[in-house]
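S.K.: Before anything else, here's the structure in question.
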Amino acid sequence: MRGASNQQRKTATEENCPETVPEGEKLKREKTSSFLKKVGWILMFIGIPLGSAVGGIPFLLAGKIIESSRKIEKNTVVVLAILFVLFFLPSLINAQNKLLALGSVLSLALMIYAIFLGVNYIILRGEFFNLLIRILVISAALSSIYALTIYFANFDFIYFRSRARTLLAGQNTLGGVTVFSIIWTLTYLIHTDGRRKVWLGLALLLMILALVFSFSRGAWLGAIGAMISYGFWEKRARIKVAIVLLVGSVLLLGFPFLRGRLISIGDFFHPLTQERVYIWKASWDMIKAHPLLGIGMDNFSLAYEEYMVEGAKISNPSFAHNTVHVGPIFWLLVGMIIYGDKFAWKQSKFS
Numbered sequence: 002m003r004g005a006s007n008q009q010r011k012t013a014t015e016e017n018c019p020e021t022v023p024e025g026e027k028l029k030r031e032k033t034s035s036f037l038k039k040v041g042w043i044l045m046f047i048g049i050p051l052g053s054a055v056g057g058i059p060f061l062l063a064g065k066i067i068e069s070s071r072k073i074e075k076n077t078v079v080v081l082a083i084l085f086v087l088f089f090l091p092s093l094i095n096a097q098n099k100l101l102a103l104g105s106v107l108s109l110a111l112m113i114y115a116i117f118l119g120v121n122y123i124i125l126r127g128e129f130f131n132l133l134i135r136i137l138v139i140s141a142a143l144s145s146i147y148a149l150t151i152y153f154a155n156f157d158f159i160y161f162r163s164r165a166r167t168l169l170a171g172q173n174t175l176g177g178v179t180v181f182s183i184i185w186t187l188t189y190l191i192h193t194d195g196r197r198k199v200w201l202g203l204a205l206l207l208m209i210l211a212l213v214f215s216f217s218r219g220a221w222l223g224a225i226g227a228m229i230s231y232g233f234w235e236k237r238a239r240i241k242v243a244i245v246l247l248v249g250s251v252l253l254l255g256f257p258f259l260r261g262r263l264i265s266i267g268d269f270f271h272p273l274t275q276e277r278v279y280i281w282k283a284s285w286d287m288i289k290a291h292p293l294l295g296i297g298m299d300n301f302s303l304a305y306e307e308y309m310v311e312g313a314k315i316s317n318p319s320f321a322h323n324t325v326h327v328g329p330i331f332w333l334l335v336g337m338i339i340y341g342d343k344f345a346w347k348q349s350k351f352s
C-alpha cells in the first residue's frame, strides 16, 4: 500500500515538474554560453572605438539563448524589449520607408536586450572587465591612428579642409566614441603605474588629436562637459583632466581652421548654425503634424523635404540634432554614468 502511494507521488511529481537537463549537458551549455558571451563582449569593446559594436550582438544573443538556466531578470528584460518594440511600432503608420523603420526598431530592441542581459556578466567578472577595458584602450588608440592617417592623407593645404573619421562610421561618430574612450583611458591611467602610464599617456594623446581633428563640434562640447563632470567626481583625476583640457584647448585655439570652427558654435549666423535652425523648424512641424505616432525611426531625412523651410535644402538632414545643447547634456550624463560604473571596476586591480 505504501509502495503504491510512493509510486503515485513519483508519477505526480514527474507530471508537474519539467524534465531536468542532465548535469553534463548543463555544464557543456554553460561553458558554450560563457564562451559566446565573452566573444560578444570582446567584439563590442573592439568595435566601439571603430564606430560600430553590432558585431558582438549575435554572440551575446546566442550565449543567452543556449543558457541552461532561466533567470528572472532575463524575463524582465524580454518584457522591456517587447514593450519597446510595441511602443514604436505605431510610428510605422506614417513612415515613408516602413521596412527601414521596422528594422531600426528591431535592431535597437535587440541591442538593448543583449547589452542589458550582459551587464551583470562583465561586472561580476572583475578580471574579464579589466581585459575589456584594455581592449577598448588598444582599439581606441588604433582607431585614432587610422583617423589621423585619413585626416592628413586627405588634407587640403589650400583650403585647410579635411575631417578625421572612424573605420566603420563618420566624423561625428569618431568624436562621440573618442570621448567615451578618453574617459576610460584616464580611469585606467589613474589606477595603474609603471611603464603602462607612459603607453596610456601616448594613447590618450592620440585620442585627443583624433577628437580634435574629427571637427565634431558636439563632441568637443561633450568632451568639455564630460571632463568637468569626471574631474568633479574623481578627485585623483583632476590634474590629468586639467592637462587633457589644456592640450585640447591649445590645439583648438592654436590653428586658425580649428579656431574658426570652435567659434562657429556660438555664431548664430554661421551657415552650419543656420542649418541647425532650419532642421529644428522642420522638426517642430513634423511634431505638430504627427504628435502621437511620429514619422518612423530613421525616416527623418526622407520626410525632411516635405516639412523643410522654403529654400532651406540641406545636403544631409540625417536627424534633428542640436549640436549646442545635446552634446554637453548627453556627455555630462555619460561622465556621471561612467563614474558610477567605476565602483564595480575599482573592486579589482589591474594585473
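For the sequence shown, this note's numbering assigns the number 2 to the initial residue and increments by one for each residue that follows.
For each residue, glycine too, the CB sits at the ideal point set by N, CA and C.
1) So, are the CB atoms of residue 105 and residue 68 less than 7 Å apart?
2) For the candidate residues 214, 43, 182, 167, whose alpha-carbon lies nearest to that of residue 202?
3) Among 154, 264, 138, which has the Cα closest to the Cα of residue 206?
4) Please state the DSSP three-state secondary structure of residue 292.
5) Output the boundary residues of the alpha helix (DSSP H) element that contains residue 55.
6) What separation, rounded to the nearest whole angstrom, lies between the Cα atoms of residue 199 and residue 190?
7) For residue 284, which of helix, strand or coil comes out of DSSP?
8) Taking 8 Å as the threshold, find out whether the region 244–262 comes into contact with the region 55–67 through three or more Cβ pairs.
9) Could you tell me whether the Cβ atoms of residue 47 and residue 140 are closer together than 7 Å?
10) Check residue 310 in the structure and name its three-state DSSP category.
11) Return helix, strand or coil for residue 250, following the three-state DSSP convention.
12) When you compare each of 304, 242, 180, 251 to residue 217 by their alpha carbons, which one comes out closest?
13) Whose C-beta lies closer than 7 Å to the C-beta of residue 134 among residues of the same chain, with five residues either side of it excluded?
14) With 16 other CB atoms within 10 Å as the buried threshold, where does residue 66 fall?
15) Decide if residue 178 is buried, meaning its Cβ has at least 16 other Cβ atoms within 10 Å, or exposed.
16) With residue 155 as the anchor, note down where its alpha helix (DSSP H) starts and where it stops.
M.R.: In short, the structure shows the following:
1) Taking the first residue of the sequence shown as position 1, residue 105 is located at position 104. Taking the first residue of the sequence shown as position 1, residue 68 is located at position 67. No, the Cβ-Cβ distance between residue 105 and residue 68 is not below 7 Å.
2) Indexing the sequence shown from 1 puts residue 202 at position 201. Residue 202 has its Cα closest to that of 182, out of 214, 43, 182, 167.
3) On the sequence shown, residue 206 is found 205 positions in, with the first residue counted as 1. Checking every option, the nearest Cα to that of residue 206 belongs to 138.
4) Here residue 292 corresponds to residue number 291 of the sequence shown, with the count starting at 1. Residue 292: coil per DSSP, three-state reduction.
5) Taking the first residue of the sequence shown as position 1, residue 55 is located at position 54. First-last for residue 55: undefined, no H or E at that position.
6) Looking up residue 199 in the sequence shown gives position 198. Looking up residue 190 in the sequence shown gives position 189. Roughly 9 Å between the two C-alpha positions.
7) Numbered from 1 along the sequence shown, position 283 holds the residue referred to as residue 284. Correct three-state label for residue 284: helix.
8) no
9) To locate residue 47, count along the sequence shown from 1; it is residue 46. To locate residue 140, count along the sequence shown from 1; it is residue 139. Contact flag set, yes.
10) Mapped onto the sequence shown, residue 310 falls at position 309. Residue state, collapsed to three classes: coil.
11) The count along the sequence shown starts at 1 and reaches residue 250 at position 249. Helix at residue 250.
12) Here residue 217 refers to the residue found at position 216 when the sequence shown is read from its first residue. Among 304, 242, 180, 251, the Cα nearest to that of residue 217 is on 180.
13) Your numbering for residue 134 matches position 133 in the sequence shown. So the qualifying residues of the chain are 185, 189.
14) Walking along the sequence shown from the start, residue 66 turns up at place 65. By the neighbour-count rule (16 or more Cβ atoms within 10 Å), residue 66 is not buried but exposed.
15) Here residue 178 refers to the residue found at position 177 of the sequence shown. By the 10 Å Cβ count, residue 178 comes out buried.
16) As a first step, residue 155 is located in the sequence shown; it is residue number 154 there, counting from the start. Here residue 155 belongs to no alpha helix (DSSP H), and DSSP marks it neither H nor E.
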